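Worksheet: the structure to be examined is printed underneath.
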Amino acid sequence: MNHIPLENLPLVRQVLQDLPRPDQLARQKLSNWLQQQLLQDDPLEIDVVTFHYRVMPATESTGPAHEVAVIAQKMNLVEALLNNWQGESAAGYDGFHYGDWAGIAPKGNLTLVKHLEPLSVLSNAEPYMVFNGLYRRSQPPRYAPDNRLPVRAEDFQIYIWSLHFHQGFKASLDGYWAKRQPIYQQALRIAFIAACNQQLLQGSLSEQARRLAWRAAGLLPLGNTELSMLNVYGYTSTSILQISEGTQGRVLLYIPGNTAPFHEFDGAASMKRWFATQCQTPEKRSQLLDHFARADWPDGLDFSGLETALQGLGKYPEAHRFGSNHPGFATSGFWDPQAYINYRPERYCSPITGELFEYLSLRQKQRTYADAESQIISNHDIDKTRWKSYLSVVTVILAPLVMVFPQLSPLLVAGGLAQFSLGLDQAINGKSLEAKSQGVGEQTFGLLNAVIPLGSHLALPGGIYRYVRSGFFTPSRLPEVLQAPFGAAPVASPSSLAEQVFHEPPVLSSPTSIAVSTHVDENLQHHFVARLQTAQGTVDEPVEYEFSTNSFIRSRDNGMLSPLRWRADNQNSKALAQRTTREVVTHSQRMATLQALGIDVQLPIDYAPFEHLQTRAIPKVVSSIWLGDQPVFGPFLEALAHNARVLRHSSYRFQIYLSREHRASYLLNLDTLRTQAEGALLIPLEDQDFYRVFEQSPYFAQYQAALNSDFPNPASACDILRYRLLHHVGGLYLDADDQLLVAGRGEAAPPLARLELNTTANGLLLAPPVSNEQLGMFIQYNNSMIGSHPGNPTLDALSQEIMRRFSVVPDFYTRYPDALLQPALFSRYARRLSLLSGPAVFNAVIDEHLPLLKQLRELCKMLASPIHDLHATLDLSRFSQLMREQVPLDRVARIGSAHSWAS
3 MNHIPLENLP LVRQVLQDLP RPDQLARQKL SNWLQQQLLQ DDPLEIDVVT
53 FHYRVMPATE STGPAHEVAV IAQKMNLVEA LLNNWQGESA AGYDGFHYGD
103 WAGIAPKGNL TLVKHLEPLS VLSNAEPYMV FNGLYRRSQP PRYAPDNRLP
153 VRAEDFQIYI WSLHFHQGFK ASLDGYWAKR QPIYQQALRI AFIAACNQQL
203 LQGSLSEQAR RLAWRAAGLL PLGNTELSML NVYGYTSTSI LQISEGTQGR
253 VLLYIPGNTA PFHEFDGAAS MKRWFATQCQ TPEKRSQLLD HFARADWPDG
303 LDFSGLETAL QGLGKYPEAH RFGSNHPGFA TSGFWDPQAY INYRPERYCS
353 PITGELFEYL SLRQKQRTYA DAESQIISNH DIDKTRWKSY LSVVTVILAP
403 LVMVFPQLSP LLVAGGLAQF SLGLDQAING KSLEAKSQGV GEQTFGLLNA
453 VIPLGSHLAL PGGIYRYVRS GFFTPSRLPE VLQAPFGAAP VASPSSLAEQ
503 VFHEPPVLSS PTSIAVSTHV DENLQHHFVA RLQTAQGTVD EPVEYEFSTN
553 SFIRSRDNGM LSPLRWRADN QNSKALAQRT TREVVTHSQR MATLQALGID
603 VQLPIDYAPF EHLQTRAIPK VVSSIWLGDQ PVFGPFLEAL AHNARVLRHS
653 SYRFQIYLSR EHRASYLLNL DTLRTQAEGA LLIPLEDQDF YRVFEQSPYF
703 AQYQAALNSD FPNPASACDI LRYRLLHHVG GLYLDADDQL LVAGRGEAAP
753 PLARLELNTT ANGLLLAPPV SNEQLGMFIQ YNNSMIGSHP GNPTLDALSQ
803 EIMRRFSVVP DFYTRYPDAL LQPALFSRYA RRLSLLSGPA VFNAVIDEHL
853 PLLKQLRELC KMLASPIHDL HATLDLSRFS QLMREQVPLD RVARIGSAHS
903 WAS
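Numbering-wise (this note's numbering), the sequence shown opens with residue 3 and increments by one.
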């Protein structure tokens, strides 16, 4: 398992769009300047070099007089601009940059040496001459008059100083934050959750720490968790987050830019000791500095800066002392981490009260502008203590995102122009993305990583965060294709970026189908993905199925008059090959292809059997059930009261069966519903004849287990009971949160009062198929609304199958994972529950006993799938009419969204 599903990593790349690219801006500016000098060279292929050189006299051993040199400084022109290049003044200029300060050029081909030999103590000559010049790169490197550009280094530096590069860079910063701050905020959250997943897989994060991280990320209620930015001596970090369990509890430190950025401590004191230990080495101090604004680093005239504070923390309990030549009046001494980390928290550690990642993104934004301001230079005043490459400003933006962009990790290690440009280009364009992502678990970056405790074991996958959409939804393609309102559940609204990234698309196709598979995205849309054999190799692409030819067309080709068609190659079942010949296709071949995609439709499509069904009206009674020891509340009370109002003046009887097993709750519910659901018949469940028969049946044991186990599930008990109730009274069953539709404008009665509900003796009236990812149901019938005749044998078959499945897992009700703390485990539990007593077993029995309902459901799957020639394949008008007749309950009610089985 990966910290993020690999196929979703490209989704995060949009945060890199419009990112300031000082490397590209500098290259463009320099190219224009070189052209003005009548040069067509690439700035990346020109080095500005500072030499220390000396003329060696002719000798018998060394030959003619020649010049030897050491390179004091070398960088290409882009690096020079980004790093505010300053040459070294030649002798006589006293460090000033005016006139011909760059020195006299060597006359010949320079011979590079490791170091210049010292002159004799009796010599009065200068130890070396200085020259700054621009040279074309060559291989091997050589420095001679013929590859020295006819451009003075003095002119190059004047150009840099007059360019006002800062203005263009700041404009690109303005554009980035204006366009991308909302998505940057989401990307910070994604990286945070991904890091938590990563460390759970590594075993370097405990369950308690995971809960703290999830509270900070908004995956759990915040509770007493406190969030603040770490401060050292009042210098507040721009990116190190402190997550505390109350004021005296566990502390979690988040230091982004590291492979394992979460550090767990039993309290604030141990966290401070650990932090001080990290300050003992220059390398780690340097990394810690990067988490604070650059303006905080140096000492002031009479106060210590962050660099001094970190050095002092690293030396504690020894004192830190300044050297005798230290400028200013600041003093140093003992830097007790308990005193100087989170120094004066009431002033410098204000709690974060708003949305965490909005706050963090604003901190990063402010930091980039502050660091960019420190890049402002003049010809006479350059504060080298605060100045660094423009690349470092962009690295501030990127560092917290390395967890999801492993291509960027070299930026944190080397930080040079080549690494910056290559890593960023790969991340933006997705080059080598899969290979990089596959190895992200093995990559290590940063020096401030959490370690795996001795004896630690890898966490269970149940602790990993994955987004699973909960609730019942109508596939959006169905109303789109039918061009009419459709379904008893809403269409899924678009997911957030974080939800998309952590969503693992379910695959519905047959496990034997390798070449083509059906995927369900985070918005519950169905897609076909095929492995295609091309001249460039095997690639995965979205495709559409063409019914007439039993082949596939690439989705990107669907607007072409004669698109390429692909089909299974008998020689290679792992990939589709281009179809080069036209063949006669049979329905059995089409059925085999569709079944491999999870669509079990019967061909040819024949509507005649529906026309010969012997139907009659079901009883005009609507029944709902309330079980357990809880009072009727919230959406349940609202729905029951609503349905009572809708049916009050209709010919339907509305009856609510209330369990009186828990007397206090029963009396409270009875009193509440008498007031709120006036007109409903309130019936004590356990006093009814059908219930007494139920008590003596083999189905009752499971009902009791569902209600009275260590982890009761009244929703499952209601699944079991509803079929016995319907078998006894017939009519329409509604879950307690389902709501009947009201009369529309100009209508005298609600739809249920105007619509005659007819079905066969063994038939079921249902709403159109829906999807519920948490239950593992995709375009299946829901069992929350059912119409039936009394004595229906299909209801007996349902009870029998539920009982049989329970006999296989008699301990099912002894476990119940927490839906908030263990969402992955809970999703697996919910799917098992559906198989045991919910929609999954309901559809399985329909498949066996009601084949016409199954055919309608599978046709709905076809409509919801990317079928290229759907309109030529299916009579949509006739199909729509059949749906209104055979599964009509979306015309009278809407599925509720209280999800009592998940509470």
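Note that the Cβ used here is the ideal one computed from N, Cα and C, for glycine as well.
As the structure is a prediction and not an experimental result, all values here were calculated from the model.
In terms of Cβ geometry, Pro-795 and Ala-763 form a close pair [threshold 9 Å]. Exclusion of the five residues before and after Ser-829 leaves Val-470, Gln-776 as the residues of its chain whose Cβ lies within less than 6 Å of its Cβ.
Between the alpha carbons of Glu-128 and Glu-62 lies a gap of roughly 24 Å. If you draw a straight line from the Cα of Pro-825 to the Cα of Ala-196, it comes to about 15 Å. Distance from the CA atom of Ala-517 to the CA atom of Thr-536, rounded to whole angstroms, is 13 Å. The DSSP-derived three-state label of Phe-828 is helix. Ranked by Cα distance from Ile-106, the options Thr-113, Glu-90, Phe-447 are led by Glu-90. In this structure, Phe-474 sits away from Asp-892, with a CB-CB distance that is not shorter than 9 Å. For a cut-off of 8 Å, the C-beta gap from Ile-620 to Leu-861 is around 24 Å, too long to register as a contact. With fewer than 16 other Cβ atoms from the protein chains shown falling within 10 Å of its own Cβ, Tyr-371 counts as exposed.
Taken in chain order, the unbroken stretches of alpha helix (DSSP H) that lie wholly in the region 150-221 and span 4 residues or more are 155-164, 167-204, 209-219. Secondary structure at Ile-722: helix, using DSSP grouped into helix, strand and coil. Within the region 265-330, no run of beta strand (DSSP E) reaches 3 residues while sitting entirely inside it. For the 9 Å CB-CB criterion, Arg-533 and Pro-544 do not form a contact. Judged by DSSP secondary structure, Thr-595 falls within the alpha helix (DSSP H) whose first and last residues are 589-598.
Arg-139 is positioned such that its CB atom lies no closer than 9 Å to that of Asn-85. Partner residues in the beta bridge of Gln-580, as assigned by DSSP, are Trp-568.
If you draw a 10 Å sphere on the C-beta of Leu-121, you find fewer than 16 other C-beta atoms in it, and that means exposed. Per DSSP, the unbroken beta strand (DSSP E) holding Ile-245 starts and ends at 237-247.
A distance below 7 Å between beta-carbons, with the five flanking residues on each side excluded, links Gly-307 to the following residues of its chain, in chain order: Asp-298, Trp-299, Pro-300, Asp-301. Taking 9 Å as the cut-off, the beta carbon of Ser-667 is found no closer than this to the beta carbon of Gln-706. If you draw a straight line from the Cα of Asn-715 to the Cα of Arg-834, it comes to about 13 Å.
Below 8 Å, enough C-beta pairs join the region 880-892 and the region 477-495 to call them touching: three or more.
If you check the CB distance, Trp-568 and Phe-554 come in under 9 Å.
Bridge partners of Thr-761 according to DSSP: Arg-618. The Cβ atoms of Gln-580 and Ser-512 do not sit closer than 9 Å to each other. Around the Cβ of Phe-713, a 10 Å sphere holds fewer than 16 other Cβ atoms; the residue is exposed. Using a 10 angstroms sphere on the CB of Met-562, the tally of other CB atoms stays under 16, which defines it as exposed. In this chain, the beta strand (DSSP E) harbouring Gly-539 covers 539-548. With respect to the 9 Å criterion, Leu-315 and Ala-278 are classified as neighbours on the basis of their beta carbons. Boundaries of the alpha helix (DSSP H) harbouring Ile-430: 419-431, taken from the DSSP string. If the five residues before and after Met-779 are omitted, its C-beta is found closer than 7 Å to the C-beta atoms of Ser-773, Ser-836, Pro-841, Ala-842, all from its own chain and listed in chain order. When the Cα atoms are used, Cys-351 and Ile-454 turn out to be separated by approximately 29 Å.
Rounded to whole angstroms, the gap between the alpha carbons of Gln-30 and Ala-155 is 19 Å.
Around the beta-carbon of Pro-700, fewer than 16 other beta-carbon atoms lie within 10 Å, marking it exposed. The continuous stretches of beta strand (DSSP E) do not include Glu-360, which lies in the alpha helix (DSSP H) extending over residues 358-375.
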